[in-house]
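Numbering (my numbering), first residue to last: 1495 to 1573. To start, the structure itself, in structure tokens.
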């Protein structure tokens, strides 16, 4: 997701310090990248597909495990 063109078109000023909702987050890769790169106060990804929600939760746990000691970030994934 780091090279995802959707992330590149977003302006940091739209996201930094704000509450963000990603509707149709799929596996959460872009949601996590936006959270990592743009420092929102809170970001939530939602999707209608239970299998994608499960993948997003796994991706979030994997990301959080790597970043746990660096800083706290408020990220949610739900359906």
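Beta carbons are placed, not taken as given, at the ideal position from N, Cα and C, and that holds for glycine.
Determine the extent of the alpha helix (DSSP H) in which residue 1517 is found, giving its start and end residues.
Start at 1 with the first residue of the chain shown, and residue 1517 comes out as number 23. No alpha helix (DSSP H) contains residue 1517, which is instead part of the beta strand (DSSP E) from 1513 to 1517.
Residue 1574 classed as buried or exposed, judged by whether at least 16 other C-beta atoms fall within 10 angstroms:
The structure shown does not extend to residue 1574, since the chain is modelled only from 1495 to 1573, so the question has no answer here.
At which residues does the beta strand (DSSP E) containing residue 1542 begin and terminate?
Mapped onto the chain shown, residue 1542 falls at position 48. Counting along the chain, residue 1542 falls outside any beta strand (DSSP E), and DSSP gives it neither H nor E.
Of all the options 1504, 1497, 1520 and 1513, which has the alpha carbon lying nearest to the alpha carbon of residue 1554?
Locating residue 1554 in the chain shown gives position 60, counting from the first residue. The option with the nearest alpha carbon to residue 1554 is 1520.
If you count every other CB in all the chains shown that lies within 10 Å of the CB of residue 1534, and 16 or more means buried, which is it?
Indexing the chain shown from 1 puts residue 1534 at position 40. Result: buried.
On a CA-only basis, which of 1542, 1530, 1560 and 1551 is nearest residue 1518? Give me that one, please.
Taking the chain shown and counting its residues from 1, one reaches residue 1518 at position 24. Considering only alpha carbons, the answer is 1542.
Distance CB(residue 1513)-CB(residue 1536) smaller than 8 Å:
In the chain shown, the residue the question calls residue 1513 occupies position 19. In the chain shown, the residue the question calls residue 1536 occupies position 42. Yes. Within cutoff.
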